[in-house]
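Inspection log for the structure reproduced underneath, given as structure tokens.
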Amino acid sequence: MHALRKNRPLRRVVLASAATVSGLVMLLSLKPHTPPQIAAAPAPAASSGSGATAGSDGSGSSSGGSSSGGRSTGTKTTTGDTVQTRWGPVQVRITVRNGKITDVTAVSYPSENPRDQEINGYAIPQLRRQALAAQSARIDGVSGATYTSDGYRQSLQSALDSAGL
Numbered sequence: 018m019h020a021l022r023k024n025r026p027l028r029r030v031v032l033a034s035a036a037t038v039s040g041l042v043m044l045l046s047l048k049p050h051t052p053p054q055i056a057a058a059p060a061p062a063a064s065s066g067s068g069a070t071a072g073s074d075g076s077g078s079s080s081g082g083s084s085s086g087g088r089s090t091g092t093k094t095t096t097g098d099t100v101q102t103r104w105g106p107v108q109v110r111i112t113v114r115n116g117k118i119t120d121v122t123a124v125s126y127p128s129e130n131p132r133d134q135e136i137n138g139y140a141i142p143q144l145r146r147q148a149l150a151a152q153s154a155r156i157d158g159v160s161g162a163t164y165t166s167d168g169y170r171q172s173l174q175s176a177l178d179s180a181g182l
């Protein structure tokens with residue numbers, strides 16, 4: 018019996034080493050999501066491009082010059098607020114001509130890792146099509162891109178409010 022006990026410490030050492038190595042591999046493969054630092058840079062650029070319209074929702078409806086008063090053929094481009102989502106910022110820019118949305122562009126969206134790029138690679142074009150078809154922020158969103166869809170919808174509504182639509 019004493020001979021069997023000599024083999025067990027070696028087995029314990031091997032098992033403990035394997036568990037330690039497995040734990041280290043899992044720990045090193047963990048990639049925590051860090052909040053993006055880029056969100057601070059686009060916000061001032063967006064507010065400088067549409068600073069007067071984004072800061073005054075009430076005057077956006079009073080400056081409803083887009084209701085074909087003096088600019089019947091004018092084109093207005095407005096950038097919505099930057100919406101912080103769980104995976105990163107989302108910001109939308111719209112172009113309005115004669116009171117209709119003619120273009121919707123995602124200025125910023127989560128794209129820090131390959132998974133974000135894959136998800137948003139198919140979600141952003143679908144959200145754009147939905148917004149152009151609906152001519153409002155009442156869009157369905159994209160399954161699998163819930164946070165991006167919600168941020169897109171909120172930023173789109175902000176841009177529509179700023180444009181007076």
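All letters in the sequence shown, in the order written, are residues 18 to 182 by the numbering used here. Cβ atoms here follow ideal geometry from the backbone N, Cα and C, with glycine treated the same way.
Exposed or buried, what is D98 when buried is set at 16 or more other beta-carbons lying within 10 Å of its beta-carbon?
Answer is buried; the Cβ neighbour count reaches 16.
Could you name each continuous alpha helix (DSSP H) segment of 4 residues or more that falls completely within the segment 79-152, going from the start of the chain to the end?
If we require 4 residues or more, the alpha helix (DSSP H) runs fully inside the segment 79-152 come out as 131-151.
CA-CA distance, A36 and V30?
Going from the Cα of A36 to the Cα of V30 covers about 10 angstroms.
Using CA coordinates, which residue listed in Q143, L47 and K117 is at the minimum distance from A162?
It is Q143 whose Cα lies nearest to the Cα of A162.
Give the range of the alpha helix (DSSP H) segment to which S160 is assigned.
For S160, there is no enclosing alpha helix (DSSP H), as DSSP marks it with neither H nor E.
Is it true that the CB of A154 sits closer than 8 angstroms to the CB of V121?
For V121 and A154, no; Cβs fall outside 8 angstroms.
Buried or exposed for S175, going by 16 or more other Cβ atoms inside 10 Å?
With 16 or more other CB atoms across the displayed protein chains lying within 10 angstroms of its CB, S175 is buried.
In this structure, how does DSSP classify G168 when only helix, strand and coil are distinguished?
Helix.
I'd like to check one pair, A180 with K93: are the Cβ atoms closer than 8 angstroms?
In this structure, K93 sits near A180, with a CB-CB distance shorter than 8 angstroms.
Going by DSSP in three states, A180 sits in which element: helix, strand or coil?
In the three-state DSSP reduction, A180 falls in the helix class (H, G or I).
What's the C-alpha gap between S80 and L45?
Interpretation of S80 is limited by its pLDDT of 34, a score under 50 that renders its predicted location unreliable; the figure taken from the coordinates is listed afterwards. Distance between the alpha carbons of S80 and L45 is about 55 angstroms.
Out of N137, L177 and Y164, state which residue places its alpha-carbon closest to the alpha-carbon of T119.
Here the closest residue by C-alpha is L177.
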